[in-house]
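Take 27 as the starting number for the sequence shown in my numbering and just add one per residue.
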Amino acid sequence: MKITVIGAGNVGATCANVIAHKALANQIVLVDIKPGLAEGKALDMWQTASVNIFDTRIIGVTDDYSATEGSEIIVITSGIPRKPGMSRDDLIATNARIVKDVTEKAIRYSPDAIVVVVSNPLDVMTYAAYRAANKHHSKVFGMAGILDAARYKSFIAEKLNTSPRDVQALLLGGHGDTMVPLPRYTSVSGIPVSQLLDSDVVDSIVQKTRQGGGDLVKLIGTSAWYAPGAAAALMVEAIVHDQHRIFSVCAYVNGEYGIRDIYLGVPVKLGRAGVEEVIEIELDEYEKQLLNDSACSVRRLKKTLDDMKLF
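Next up, the structure:
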């Protein structure tokens, strides 16, 4: 198994490191456009192998996609990160061109690879990679829901002073301020969260989750990386081991939930074939409205991409 991670910044390096620790591949190729960055980080990670007990060979290259040939999974983290005061929308013009370029280069050498997108703004960048890869949409999807759910779960666990491992949660919609956490589908070891926390507390957690990425940008001056990198690696694990995990993933919807022709966060079954199934859950009228509002927000960003006429 060969896995390529494009972008050796904080998110890409974290993702590659977690993949290595989980022993999900024989080889990881880390690619970046900045000379020496991927090579240096790959060497640093490889030198931890005897300490952290893994055998995965990690190599780094500068803009040399021939080294990625034969990859079965490609993780794209390329692009500029958010800075304080920037919205995800502000990233489109720059990151769309980057994602298009790296996707086309990688697919040239690994035409059968599954593509996992992490670049922001996530939903639109996943659509850009889909267009650039010219593959079936089940093979191109993005990481967002796992990260957003992880934040949501951590806030609930913190409030209850319990283990985040016992929290089950589901989110829908775009990756950003219009995401749709679903308290009705949130529980702690099977106990509905509504029986453990007052509704106003749950509402505050939902809002905190929606602004979670922005809050981190304010604190550290750039986008988060530990949680996004680990979340992307979890998706890779589900693919490599054909686990048929049910995750909220940025997937192509074309009729599900009454929404067509966009990439949006929805629950899917994820395995070796990629997105095996988009799962439609029952939503009440309020939840449907929130999801539709989120889809409209994503569609506006998609129009910005379409107006760039890159494809």
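The beta-carbon is built from N, C-alpha and C at its ideal position, and this holds for glycine as well.
Supposed close pair residue i, residue j - CB separation, criterion 8 angstroms
i, j, result
"Ala277", "Val304", "6 angstroms"
"Val219", "Ile172", "With 8 angstroms as the limit, Val219 and Ile172 do not qualify as a contact, their Cβ atoms being about 19 angstroms apart."
"Ser92", "Ser145", "Ser92 to Ser145, Cβ: 22 angstroms. No contact."
"Lys109", "Thr248", "7 angstroms"
"Ile99", "Ala139", "6 angstroms"
"Glu306", "Lys295", "Going by Cβ atoms, the distance from Glu306 to Lys295 rounds to 12 angstroms, so no, they are not a contact pair."
"Leu317", "Val150", "Contact flag wrong, Cβ pair sits at about 17 angstroms."
"Asp319", "Thr152", "That pair is no contact at about 19 angstroms."
"Leu56", "Ala75", "Rounded, the Cβ-Cβ distance is 14 angstroms, inconsistent with contact."
"Asp58", "Ala64", "4 angstroms"
"Lys165", "Val141", "6 angstroms"
"Lys356", "Leu336", "Beyond the ends of the chain as shown, which are 27 and 337, falls residue 356; an answer cannot be given."
"Ile102", "Val143", "5 angstroms"
"Asp174", "Leu197", "5 angstroms"
"Val193", "Val214", "5 angstroms"
"Gly291", "Ala170", "5 angstroms"
Identity of the residues DSSP links to residue i by a beta bridge
i, result
"Phe167", "Val142"
"Asp58", "Thr88"
"Arg83", "Gln53"
"Cys41", "According to DSSP, which records beta bridges pairwise, Cys41 is partnered with nothing at all."
"Ile99", "Ile29 and Ile140"
"Pro207", "Leu197"
"Pro218", "Ser213"
Bounding residues of the alpha helix (DSSP H) (the contiguous stretch that carries residue i)
i, result
"Asp268", "No alpha helix (DSSP H) holds Asp268; DSSP gives it neither H nor E."
"Gly239", "Gly238 to Ile246"
"Leu69", "Leu63 to Trp72"
"Tyr153", "Leu148 to Ala159"
"Ala75", "Ala75 to Asn78"
First and last residue of the uninterrupted beta strand (DSSP E) at residue i
i, result
"Tyr289", "Arg286 to Gly297"
"Thr30", "Lys28 to Ile32"
"Val301", "Gly300 to Val304"
Collapsed DSSP secondary structure at residue i in the structure displayed
i, result
"Gly199", "strand"
"Leu336", "coil"
"Ile182", "helix"
"Glu130", "helix"
"Ser323", "helix"
"Gly281", "strand"
"Pro341", "With the chain running from 27 to 337 in the structure shown, residue 341 is simply not present."
"Pro110", "coil"
"Ser213", "strand"
"Ser274", "strand"
"Leu309", "coil"
"Asp224", "coil"
"Ser230", "helix"
"Gly35", "coil"
"Lys329", "helix"
Cβ neighbour criterion (16 or more within 10 Å) applied to residue i
i, result
"Ile217", "exposed"
"Ser323", "buried"
"Pro137", "exposed"
"Pro61", "exposed"
"Ile231", "buried"
"Thr129", "buried"
"Tyr289", "buried"
"Tyr252", "exposed"
"Val77", "exposed"
"Arg286", "exposed"
"Asp268", "exposed"
"Thr94", "buried"
"Gly38", "buried"
"Thr30", "buried"
"Ser274", "buried"
"Gly96", "exposed"
"Thr120", "exposed"
"Leu117", "buried"
"Gly200", "buried"
"Gly238", "buried"
"Leu245", "exposed"
"Gly255", "buried"
"Lys28", "buried"
Distance cut-off 6 angstroms: residue i Cβ against heavy atoms of the ligand SAM
i, result
"Ala170", "The model depicted lacks the ligand SAM and carries no ligand whatsoever."
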